[in-house]
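Start counting the sequence shown at 29; every next residue gets the next number (my numbering). Here a beta-carbon is modelled for each residue, glycine too, at the ideal position from N, C-alpha and C. Below is one structure, written out as structure tokens; the observations come after it.
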Amino acid sequence: VETTGTLLLGTEIQAVITSIEMLGVDVIGLNCGTGPDEMHAPLQALVEQSPCRISCLPNAGLPVNRDGALVYPLEPEAFAVKVAHLAKEFNLNIVGGCCGTTPDHIRALRARLGTSGVTHRTPVLDRAVSSLYQSVPLRQEPRPLIVGERTNANGSKKFRDLLAKDDIDGLVDIARDQQREGSHMLDVCVAYVGRDESADMEAFLKKAAGQVLLPLMIDSTEVPVIEKALQTAPGKCVVNSINFEDGEEKARKVLDLCRTYGAAVVGLTIDEKGMAKTAQAKAAIATRLYDLAVGEYGFNPSDLIIDPLTFTLGSGDEEFRRSALETMEAIRLIKARHHGVLTMLGVSNISFGLAPGVRHVVNALMLYHAVQAGLDLAIFNSAKVIPVAEIDPEQRAAAEDLIFDRRREGYDPLKAVMALFGDGKAAPGAGPSDRNLPVEERLKRDILGGEKRLILEDVDEALMTIPALDIINRILLDAMRVVGERFGAGEMQLPFVLESAEAMKTAVKRIEPHIPKEASVTKGRVILATVKGDVHDIGKNLVEIILSNNGYEVLNLGIKQPVEAILAAMEGYSADAIGLSGLLVKSTTIMRENLIFMADKGLDIPVILGGAALTRDFVAEQCQSVYGGHVLYAEDAFEGLRHMDRLTSGAGAATPAAAPPGTPAITV
């Protein structure tokens, strides 16, 4: 492990744990690279999440140059004290020494340890998948885990065309695009008639492994291709998929591979009779999949992902009119009958054959309602899903009638949906039909729709008649408030929040030169960070936008920040408060641990906590009680702004201001 807490390549400890969890490893540990002091944080991650025995073999400190010679500074007794402390604190099973240690170091350590035994640990292991670099929990908060669908030769013409040209770099670019758009995992399928699927899979995975942070879902029907992929891809993958179309023989071969290489697996609700169409039939096949994978092969239930399948509502076929209903009911049944098992759906299948405008609306609503039913993973193109809150009410009503099969005498929702779009009504979002609205309204729609191009035109027009600060504080920030509300209510998916934030960034950059210098008075300083182990920063970045545009200087440290890094940032930076964020439930525990650490250091700087999993009671009862300074809960960015105003007593400019000179106005 390096001093950064990662492996040499940048691999996180959690990724290592995830990658080896299904391989039957007896011992996992740290050795070399650093001394005992630098191993504290990585060891904590290991003991909290790994069920294996834990070892620790540090160097005798970090080497230094003394009179031209490389020297490891820790003498035997000092080394023994430090390692024995780690052994006791983390209940380690095996300890020793690496570079710079001698028999004297080991003797001193053995004497220091005495005959102390090891007590039982109960780690909390998040079910996850991993790439070469990072681990991604299979249970996302909020759901679903987004599986990018564009690295699939069956569904993406662009991907298929690049594959035909042997343009591996172009294929990897598509993967990286989906990463930027908010996907958590990538579905990879290179099946293309006339080509060597196994060779193509190997070529793509070798190139993508070092350039793509996301874990991979290996999508193939060929056992040799799956084997080659699992041999090539780093980390813990998901194999898509097994079924019982030809009995159990092929499914068993794939499960053997998954068990050998430590992969999770998708099970489709298909048996010898074909694809199950009713909820009961889907659930029955799911039970059969469960009995085989979990009961016989010993898979953890959360490493079995059931895809109950769905069929298009666009054909008008009576057999499939209830397809969406049956699928959502199947999700409920599967989750109720098999604790821990996850569910997945290829969302866009529901609208196959319909016009693009109709598809976008139906897909968005199907995704929304499937998640309400318990869906955990969804395969879709995050760049093309419409925010539910942006759908025209009339279109939404008709599309939901189609999804829920609300037919009645003289009314067919399929015909109603097609008639609505056939009359020229476009999918929601800013467009030519909106250009006659007042500029204030257009700007708000630009933010809600993530329209980076249109917002520049509208900002230029607004600057002719509206003061720059008013555009930011009265119009744009109000629109971002709506974005936050919709995200919190589950009506706006993560990719759209990202697009809205980008539109906000674009607008503010255009406006900044027009902000009066005298308005840029710093009211105070705040450090923002997403806590260790959490990669979610949308809420934190929205807080930065609001604070920095209301007179506060913001130092945004980014995601996955250990408390040591946060405190290091305080040195030389006279902050009035620290803001900690995190979306995951486990992040609330880390926030409390951070406060204890800070209290032990004698700090009392005010700390503002925010995140979806936090509650006001938890902050008041569990967090404030362990810290001597103020610990404040912020339900949203605007409550965070109110806290800062109270903490600084409104120092500086009396009116809202943009970011002060010399600091970034927005970093999203």
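Rounded distance between the beta-carbons of residue j and residue i, thought under 8 Å
i           : j           : result
residue 242 : residue 214 : 5 Å
residue 610 : residue 643 : Actually they do not touch by this definition, with Cβ atoms about 13 Å apart.
residue 607 : residue 574 : The pair is not a contact, with the Cβ atoms about 11 Å apart (cut-off 8 Å).
residue 415 : residue 426 : Their Cβ separation, rounded to whole angstroms, is 18 Å, which puts residue 415 and residue 426 out of contact at 8 Å.
residue 258 : residue 283 : That pair is no contact at about 12 Å.
residue 43  : residue 161 : 6 Å
residue 163 : residue 40  : 6 Å
residue 196 : residue 231 : 6 Å
residue 151 : residue 70  : No, residue 151 and residue 70 are not in contact; Cβ-Cβ is about 14 Å, not under 8 Å.
residue 404 : residue 101 : So it is not a contact: roughly 50 Å between Cβ atoms.
residue 392 : residue 359 : Their Cβ separation, rounded to whole angstroms, is 17 Å, which puts residue 392 and residue 359 out of contact at 8 Å.
residue 623 : residue 655 : 4 Å
residue 107 : residue 82  : No, residue 107 and residue 82 are not in contact; Cβ-Cβ is about 19 Å, not under 8 Å.
residue 329 : residue 381 : Actually they are not in contact, since the Cβ atoms of residue 329 and residue 381 sit about 35 Å apart, beyond 8 Å.
residue 668 : residue 638 : 6 Å
residue 188 : residue 240 : Not quite, the Cβ-Cβ distance comes to about 19 Å (not below 8 Å), so this is no contact.
Nearest residue (CA-CA) to residue i, options the options
i           : options               : result
residue 183 : 499, 207 and 247      : 247
residue 316 : 420, 602, 536 and 296 : 296
residue 211 : 32, 654 and 408       : 408
residue 666 : 649, 659 and 636      : 636
residue 401 : 362, 430 and 150      : 362
residue 300 : 289, 318, 279 and 292 : 279
residue 146 : 166, 112 and 51       : 112
residue 501 : 532, 650, 222 and 488 : 532
residue 371 : 314, 661, 499 and 614 : 314
residue 91  : 81, 236, 114 and 64   : 64
residue 586 : 514, 560 and 269      : 560
residue 132 : 105, 480, 123 and 115 : 105
residue 62  : 85, 466, 220 and 389  : 85
residue 181 : 225, 170, 207 and 157 : 225
residue 326 : 51, 615, 661 and 604  : 51
residue 293 : 311, 264, 276 and 304 : 264
residue 233 : 310, 261 and 341      : 261
residue 274 : 463, 290, 288 and 249 : 249
residue 169 : 240, 539, 612 and 75  : 612
residue 311 : 485, 334 and 498      : 334
residue 199 : 178, 219 and 208      : 178
Where the beta strand (DSSP E) through residue i begins and ends
i           : result
residue 605 : 605–609
residue 165 : 163–165
residue 158 : 156–158
residue 216 : 213–216
residue 173 : 173–176
Segment limits, alpha helix (DSSP H) that includes residue i
i           : result
residue 253 : 251–260
residue 198 : 196–208
residue 139 : 131–141
residue 191 : 185–192
residue 673 : 665–676
residue 228 : 225–237
residue 359 : 351–365
residue 598 : 591–598
residue 316 : 307–318
residue 17  : Given that the chain is displayed from residue 29 to residue 696, the structure contains no residue 17 and the question cannot be resolved.
According to DSSP, residues forming a beta bridge with residue i
i           : result
residue 299 : 302
residue 98  : 93
residue 371 : 334
residue 59  : 85
residue 638 : 609
residue 182 : For residue 182, which the question treats as bridged, DSSP gives no partner whatsoever.
residue 273 : 275
residue 583 : 555
residue 245 : 215 and 266
residue 292 : 266
residue 122 : 83
residue 42  : Bridge partners of residue 42: none, in fact.
residue 659 : 635
Below-9 Å beta-carbon distance, residue i vs any chain B residue
i           : result
residue 350 : The chain labelled as chain B is not found in the depicted structure, where only one protein chain is given.
Where are the beta strand (DSSP E) runs, 3 residues long or more, that stay fully inside the region 394–458, in chain order? 405–408
Write down every uninterrupted run of the beta strand (DSSP E) in the region 477–551 whose length is 3 residues or greater and which is fully enclosed by it, in chain order. none
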